[in-house]
Amino acid sequence: MFPNKTSTDPTPLQDPVIPVGQRKTMETLMADDCRWPIGDPQVSGFHFCGSRKVDGHPYCDLHLRRAFQPSKPRAVAYPNLVS
Ligand SMILES: [Zn+2]
Numbered sequence: 001m002f003p004n005k006t007s008t009d010p011t012p013l014q015d016p017v018i019p020v021g022q023r024k025t026m027e028t029l030m031a032d033d034c035r036w037p038i039g040d041p042q043v044s045g046f047h048f049c050g051s052r053k054v055d056g057h058p059y060c061d062l063h064l065r066r067a068f069q070p071s072k073p074r075a076v077a078y079p080n081l082v083s
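Shown next as structure tokens:
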């Protein structure tokens with residue numbers, strides 16, 4: 001179930017590119033669709049993920065993990081600002 005640990009992060013989570021045909025808007029989003037917003041609501045092209053959502057959650061599996069992914073503060077965010 002768990003692959004051997006490597007020095008690199010095995011599963012970097014990136015925003016998937018949603019196929020145009022799968023994209024949902026406010027009008028086409030269904031109850032079972034993942035409502036993860038993609039893009040800027042103020043800009044045309046904004047859409048929702050539209051994948052099958054996980055029961056009991058508003059997002060699909062991938063975006064559920066995104067939503068609960070702890071934001072890891074970088075160890076040294078602004079090294080140049082110190083001193
Ligand atoms: Zn999704």
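Residue 32 in UniProt numbering sits at position 32 of the sequence shown, with consecutive numbering throughout. Ideal Cβ placement from N, Cα and C applies to all residues, glycine included.
Should residue i be counted as a contact of ligand 1 given a C-beta to heavy atom distance under 8 angstroms?
{"i": "ALA63", "result": "The residue asked about is misnamed: residue 63 is His in this sequence, not Ala. Under cutoff, so the answer is yes."}
{"i": "GLY21", "result": "no"}
{"i": "GLY50", "result": "yes"}
What number of angstroms, rounded off, separates the C-alpha of residue i from the C-alpha of residue j?
{"i": "VAL54", "j": "THR25", "result": "19 angstroms"}
{"i": "PRO58", "j": "VAL43", "result": "23 angstroms"}
{"i": "GLN14", "j": "HIS63", "result": "10 angstroms"}
{"i": "PRO16", "j": "ASP61", "result": "12 angstroms"}
Kindly indicate which residue of the options has the alpha-carbon position closest to the one of residue i.
{"i": "GLY56", "options": "CYS34, GLY21 and ASP15", "result": "CYS34"}
{"i": "residue 85", "options": "ALA31, TRP36 and PHE68", "result": "Outside the shown range of the chain (1 to 83) lies residue 85, about which nothing can therefore be said."}
{"i": "GLY45", "options": "LEU64, ARG66 and GLN22", "result": "GLN22"}
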